[in-house]
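Asker: Here it is: the structure, laid out below.
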Amino acid sequence: IEKLGTVVCVAGGFAVAVIKPIAQAMKEKGNKVISILGARTKDLLFWEDKLRQASDELIITTDDGSYGRKGLVTEPLKELLENGNKIDRVIAIGPTVMMKFCAKTTEPFGVKTIVSLNPIMVDGTGMCGCCRVVVGGVTRFACVDGPDFDGHQVDWDLLFARQCTYLDEEKLSFEQWQRQGGTH
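Residue numbers (this note's numbering): 5 to 188.
Structure below.
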């Protein structure tokens with residue numbers, strides 16, 4: 005955490021719990037913090053008050069328009085960049101597809117964008133290879149080399165393909181959990 009200037013913290017869904025302490029630390033270092041919080045619907049938003057306290061400005065989006073702006077987090081991010089605001093860093097945490105498109109949005113503007121990749125991690129040492137990602141053409145392991153990486157360097161297509169590796173097993177596990185009376 006360092007003083008950079010203006011930092012945009014983008015959180016999708018539950019990632020607000022991860023981005024909030026980052027936004028707070030960035031603000032405490034003297035950065036101007038603009039946070040963008042997105043969710044599918046108002047009912048899935050939480051910690052708005054906490055993120056608002058950790059930010060100088062908070063923009064909220066919902067996919068269905070039930071609260072805040074209707075749309076995706078990339079829309080206000082692009083507006084901030086296009087309106088001549090000097091953005092020194094973007095930190096995006098949330099669903100993989102959201103992080104990919106945040107990085108794609110900032111890339112033409114040359115704004116360094118940090119994403120937090122959280123693929124399946126089995127052993128936490130890199131030995132299993134489950135969390136293997138390619139960043140800047142080099143194989144990395146999210147559990148030991150990350151999980152934070154330069155979003156402009158991530159091989160997003162390979163990451164998406166790898167995320168499908170265990171879909172059958174995930175489905176079976178979920179079905180078993182449901183049969184055993186699992187609750188949310």
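Don't be surprised by glycine CBs; every beta carbon is placed ideally from N, CA and C. Every value quoted in this text rests on a predicted model; they were computed, and no experiment measured them.
#1: Assuming residue 153 and residue 144 make a contact with CB atoms under 8 Å, what is their CB distance in whole Å?
#2: Look up residue 33 in the DSSP assignment and say whether it is helix, strand or coil.
#3: Going by alpha carbons, who is nearest to residue 5 out of 125, 123, 139, 118?
#4: Would you kindly work out how many angstroms separate the C-alpha atoms of residue 163 and residue 138, rounded to a whole number?
#5: Round the Cβ separation of residue 19 and residue 37 to the nearest angstrom and send it over; I've been treating them as touching at under 8 Å.
#6: Around the C-beta of residue 42, are 16 or more other C-beta atoms found within 10 angstroms, so that it is buried, or is it exposed?
#7: For residue 46 and residue 136, I'd like the C-alpha separation in whole angstroms.
#8: For residue 143, write down the residues that DSSP places opposite it in a beta bridge.
#9: Applying the criterion that 16 or more other CB atoms from any shown protein chain within 10 Å of the CB defines a buried residue, is residue 94 buried or exposed?
#10: Secondary structure at residue 46, three-state DSSP: helix, strand or coil?
#11: From the DSSP secondary-structure annotation, give me the bridge partner or partners of residue 153.
#12: Within its chain, find whatever has a CB closer than 7 Å to the CB of residue 150; leave out the 5 residues flanking it on each side and keep chain order.
#13: Given 7 Å as the limit, tell me if residue 18 has its C-beta closer than that to any heavy atom belonging to the ligand ZN.
#14: Is residue 61 helix, strand or coil by DSSP?
#15: Is it the case that the Cβ atoms of residue 66 and residue 77 are separated by a distance below 8 Å?
Answerer: By the coordinates alone:
#1: For the purposes of this step, residue 153 is identified with residue 149 of the sequence shown, where counting begins at 1. For the purposes of this step, residue 144 is identified with residue 140 of the sequence shown, where counting begins at 1. Confirmed, about 7 Å.
#2: For this step, residue 33 is matched to residue 29 along the sequence shown. DSSP places residue 33 in coil when its eight states are reduced to three.
#3: Reading the sequence shown from its first residue, position 1 is the one you call residue 5. If we check each option's Cα against that of residue 5, 118 comes out closest.
#4: The residue given as residue 163 occupies position 159 in the sequence shown. The residue given as residue 138 occupies position 134 in the sequence shown. So the two alpha carbons sit approximately 8 Å from each other.
#5: Against the sequence shown, residue 19 aligns to sequence position 15. Against the sequence shown, residue 37 aligns to sequence position 33. That belief does not hold up - the Cβ atoms of residue 19 and residue 37 are roughly 16 Å apart, past 8 Å.
#6: Numbered from its first residue, the sequence shown carries residue 42 at position 38. Classification for residue 42: buried.
#7: Position 42 of the sequence shown holds residue 46. Position 132 of the sequence shown holds residue 136. So the two alpha carbons sit approximately 34 Å from each other.
#8: As a first step, residue 143 must be located in the sequence shown, where it is residue number 139. BP columns for residue 143 point to 138.
#9: If you number the sequence shown from 1, residue 94 lands on position 90. Under this definition residue 94 is a buried residue.
#10: Locating residue 46 in the sequence shown gives position 42, counting from the first residue. Helix, per DSSP.
#11: Residue mapping note: residue 153 aligns to position 149 of the sequence shown, counting from 1. Partner(s): 119.
#12: Looking up residue 150 in the sequence shown gives position 146. Result list for residue 150: 121, 144, in chain order.
#13: Ligands in the displayed structure: none, and consequently the ligand ZN is not present.
#14: The residue given as residue 61 occupies position 57 in the sequence shown. Note: residue 61 maps to strand in three-state DSSP.
#15: On the sequence shown, position 62 is the one that residue 66 refers to. On the sequence shown, position 73 is the one that residue 77 refers to. No, the pair does not count as a contact, with Cβ atoms beyond the cut-off.
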